[in-house]
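One structure below.
In the numbering used here, the protein residues as written are 852 to 1169.
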């Protein structure tokens, strides 16, 4: 009776042990993860995602490593700037594991080491910057921090994908002083811009007056030029008319000089003869020459009363 009971107990124990071994041998690695397999404490291999059989006791999966990108917030820290101002910096990191063996076996805690290096690098970067540069240069800080971490954390089997400064806070008194300085700077800039506007307006007004005066002077100049050209043209035409008249007279005189002189003598004699008591005495030769003029000949042929003209030596009556 007791022997049967002991046999049943042994069978149950063996079955339970076999079931434990069976279930312990089954390993499922999910996507984005890898398993670290050791044999009696010695690294053997890295298991990829999927279904695996691992003999218990001898082989053991010591750690499942997440290969996905991991976001992490770094604890806020106080940093002193180059101009001795204390600022509180809050930052975040994004990283992923690149070398499982280095991540697990070459550093006791690679993530903690990465955080420590991040805080130290941030102190060095901000310690060489003034407060204004820190407040206005977060992108520069992020870039410098990323470059430094990429070089350091490669030995930990990690790769920092992004380093980002979330916030920069300063003491309340310093913040108030900065606000006053900022307001004063803005008022100064506003005054400068206003003065610059007045200056530009005055320059534009003066330039406009200058251009107007130039245009007016140019207009007056053109008017005077046109008037002078008109007067010159008028004088030229007048002089040409007089010249033409003189040329005509000269030309007539060249061909009819004697007749012209005789005609002028006749005109003078006629004016003298208009008086009732005037007596004209002319030489016979002159009267003979007057008779050669056709107009005078016609006058002689017409009978009319004429003043007494005594000629010397033989007078004739007209």
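Glycine included, each C-beta is placed from N, C-alpha and C at the ideal position.
Below 6 Å CB to CB, which residues in the same chain sit around residue 995 once its five sequence neighbours on both sides are set aside?
Taking the chain shown and counting its residues from 1, the one referred to as residue 995 is at position 144. These residues qualify, in order along the chain: 976.
Pull up the CB-CB distance for residue 1011 and residue 944, whole angstroms please, since I reckon it's below 8 Å.
Reading the chain shown from its first residue, position 160 is the one you call residue 1011. Reading the chain shown from its first residue, position 93 is the one you call residue 944. Yes, they are in contact, since the Cβ atoms of residue 1011 and residue 944 sit about 6 Å apart, within 8 Å.
Between residue 973 and residue 930, is the Cβ-Cβ spacing less than 8 Å?
Position 122 of the chain shown, counted from the start, is the residue given in the question as residue 973. Position 79 of the chain shown, counted from the start, is the residue given in the question as residue 930. Closer than 8 Å, so yes.
Hey, residue 900 and residue 913: beta-carbon distance below 8 Å or not?
Indexing the chain shown from 1 puts residue 900 at position 49. Indexing the chain shown from 1 puts residue 913 at position 62. Going by C-beta atoms, residue 900 is not nearer than 8 Å to residue 913.
Considering only the alpha carbon of each residue, which of 903, 918, 924 lies closest to residue 875?
For the purposes of this step, residue 875 is taken as residue 24 along the chain shown, with counting starting at 1. Of the candidates 903, 918, 924, the one whose C-alpha sits nearest the C-alpha of residue 875 is 903.
Tell me whether residue 967 sits in a helix, a strand or coil according to DSSP, three-state version.
The residue given as residue 967 occupies position 116 in the chain shown. Helix at residue 967.
In whole angstroms, what is the alpha-carbon distance linking residue 1038 and residue 1064?
Residue mapping note: residue 1038 aligns to position 187 of the chain shown, counting from 1. Residue mapping note: residue 1064 aligns to position 213 of the chain shown, counting from 1. Residue 1038 and residue 1064: Cα-Cα distance of roughly 39 Å.
Enumerate in chain order the residues of its own chain whose CB-to-CB distance from residue 936 is below 7 Å, with the five nearest sequence positions on each side excluded.
Locating residue 936 in the chain shown gives position 85, counting from the first residue. These residues qualify, in order along the chain: 982, 1021, 1025.
Excluding sequence positions up to five away, which residues of its chain have a Cβ less than 6 Å from the Cβ of residue 962?
For the purposes of this step, residue 962 is taken as residue 111 along the chain shown, with counting starting at 1. Non-local C-beta neighbours of residue 962 in its own chain, meaning closer than 6 Å and more than five positions away in sequence, are absent.
Can you check whether the CB of residue 1007 is closer than 8 Å to the CB of residue 954?
Here residue 954 is taken as the residue at index 103 of the chain shown, counted from 1. Here residue 1007 is taken as the residue at index 156 of the chain shown, counted from 1. Result yes, Cβ atoms of residue 954 and residue 1007 sit closer than 8 Å.
Would you tell me roughly how many angstroms separate the C-alpha atoms of residue 917 and residue 1003, rounded to the nearest one?
What you label residue 917 is simply residue 66 of the chain shown in a count that begins at 1. What you label residue 1003 is simply residue 152 of the chain shown in a count that begins at 1. The straight-line gap from Cα to Cα measures roughly 21 Å.
From the DSSP output, read off the bridge partner residues of residue 914.
Position 63 of the chain shown, counted from the first residue, corresponds to residue 914. 887, per the DSSP bridge assignment.
For residue 911 and residue 965, I'd like the C-alpha separation in whole angstroms.
The residue labelled residue 911 in the question sits at position 60 within the chain shown. The residue labelled residue 965 in the question sits at position 114 within the chain shown. Their backbone Cα atoms lie some 28 Å apart in a straight line.
In chain order, what residues of the same chain have a beta carbon less than 8 Å from the beta carbon of residue 859, not counting five sequence neighbours either side?
Locating residue 859 in the chain shown gives position 8, where the first residue counts as 1. Counting only Cβ-Cβ distances below 8 Å, and skipping sequence neighbours, we find nothing.
In or out: residue 861 buried (at least 16 other Cβ within 10 Å) or exposed?
Counting from 1 along the chain shown, the entry for residue 861 is found at position 10. Residue 861 is exposed by the Cβ-count criterion.
Could you tell me the distance, in whole angstroms, from the CA atom of residue 1091 to the CA atom of residue 1070?
As a working note, residue 1091 is residue 240 in the chain shown. As a working note, residue 1070 is residue 219 in the chain shown. One C-alpha to the other measures close to 31 Å.
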